[in-house]
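Visitor:
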Amino acid sequence: MPCARAVALAPARAPCATKPRANRRRAKPLARANEGDGLREALSAAQQAPDNVTERDFSNYYKVLNSQSPEEAQEVVDAMSASGELTEGVVEAALATMQTAESKGERPEIVQALKGVFEYLLESYQRANAPAELSVIDAVVAKLNALEESDDDAKAEENVVLECVREANMDVKAFEQSLDGFLVAMEEQDAQFDAQVREMREKGVAPEQAEQIEQLVYMRANAKAQMLCIRDITQRISA
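In structure tokens:
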């Protein structure tokens, strides 16, 4: 049966990043590092936390954090991406600073601003390092969502996948194998994620953290459903 309406093909941010990237998300209002002792203390404390983050990573993160506007932040991130300096360490630095601010009970506006910077860096890092197949998946999801009800049949879905795969100069069978690989990786990550969630819930979490966990659970499940749907379509094509 057609699967474009069988699962919710809404964009989702998950390990395989199936969110369409056509419209780049603008950074939320930035918290500059000179806007109060609380933010400076959070940044200083965070620098002591992650062992895998270098001083260079923190320096690059500081450039983004201290940008005058979202537009300037985007320019800084684009330059870092082009030079290869938008590393996992930069994202880890942003995460550590946000978590440190949360643990110290900093003002909500500071925590929210740090969260915005972290999410922006994470999305930019994922976009810069995404395999080519994920761009095809994004395109497929967008076009399946755009199908009219009258076109919502197996043939229309297959045409969408064929068009996107050909535009990327890929082979359907090779694309299907990549999907299988992504699904295997997601299964492994799901097991680790579920164990972490159980541990957190056993220890007890605040209502805000519980809500964030539920959002992550939904996003991961939705991303997997998208991947399975597209894999089913490729299997129909290959049959």
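If you read the sequence shown in numbering that gives the first Met the number 0, its first letter stands for residue 0, the second for the next number, and so on.
The beta carbon of each residue, even a glycine, is placed where N, CA and C say it ideally should be.
1. Taking Cβ positions, are N59 and V90 nearer each other than 7 angstroms?
2. What's the C-alpha gap between C163 and V135?
3. Measuring CB atoms only, is the segment 163-177 touching the segment 190-201, in the sense that at least three cross pairs come out at less than 8 angstroms?
4. How would you write the range of the alpha helix (DSSP H) that N267 sits in, first residue to last?
5. Does the Cβ-Cβ distance between A155 and L146 come in under 7 angstroms?
6. With distance defined between alpha-carbon atoms, name the residue in G115, A127 and R106 nearest to A81.
7. Closest Cβ-Cβ distance between V116 and chain D: below 7 angstroms?
8. Is the CB-CB distance between V116 and I229 below 7 angstroms?
9. Taking 7 angstroms as the cut-off, decide whether the C-beta atoms of L120 and A78 are in contact.
10. Answer with buried or exposed for D170, where buried requires no fewer than 16 other C-beta atoms within 10 angstroms of its C-beta.
11. Measuring straight from C-alpha to C-alpha, what distance separates Q125 and A238?
12. Which stretch, first to last residue, makes up the alpha helix (DSSP H) that contains K142?
13. For a test of the three-state rule: what should DSSP assign to L85, helix, strand or coil?
14. At the level of alpha carbons, what is the spacing between T86 and E54?
Guide: Once the coordinates are examined:
1. Counting from 1 along the sequence shown, the entry for residue 59 is found at position 60. Counting from 1 along the sequence shown, the entry for residue 90 is found at position 91. No. Outside cutoff.
2. On the sequence shown, residue 163 is found 164 positions in, with the first residue counted as 1. On the sequence shown, residue 135 is found 136 positions in, with the first residue counted as 1. Looking at the two C-alpha atoms, the distance is approximately 6 angstroms.
3. Under the 8 angstroms Cβ criterion, the segment 163-177 does not count as touching the segment 190-201, having fewer than three qualifying pairs.
4. Shown here, the chain extends from 0 to 238; a query on residue 267 therefore has no answer.
5. What you label residue 155 is simply residue 156 of the sequence shown in a count that begins at 1. What you label residue 146 is simply residue 147 of the sequence shown in a count that begins at 1. Cβ distance < 7 angstroms, so A155 and L146 count as in contact.
6. As a working note, residue 81 is residue 82 in the sequence shown. Checked all of G115, A127 and R106; the closest Cα to A81 is A127.
7. Checking the listed chains, one finds no chain D in this structure; it contains a single protein chain.
8. As a position in the sequence shown, residue 116 is number 117, starting the count at 1. As a position in the sequence shown, residue 229 is number 230, starting the count at 1. Result no, Cβ atoms of V116 and I229 do not sit closer than 7 angstroms.
9. Numbered from 1 along the sequence shown, position 121 holds the residue referred to as residue 120. Numbered from 1 along the sequence shown, position 79 holds the residue referred to as residue 78. Against a cut-off of 7 angstroms, the Cβ pair of A78 and L120 comes out as no contact.
10. Position 171 of the sequence shown, counted from the first residue, corresponds to residue 170. Answer is exposed; the Cβ neighbour count stays below 16.
11. Here residue 125 corresponds to residue number 126 of the sequence shown, with the count starting at 1. Here residue 238 corresponds to residue number 239 of the sequence shown, with the count starting at 1. Roughly 33 angstroms separates the two Cα atoms.
12. For this step, residue 142 is matched to residue 143 along the sequence shown. That run of the alpha helix (DSSP H) goes A131 to N144.
13. For the purposes of this step, residue 85 is identified with residue 86 of the sequence shown, where counting begins at 1. Of the three classes helix, strand and coil, the one that applies to L85 here is coil, per DSSP.
14. Here the question's residue 86 lines up with position 87 in the sequence shown. Here the question's residue 54 lines up with position 55 in the sequence shown. Distance between the alpha carbons of T86 and E54 is about 12 angstroms.
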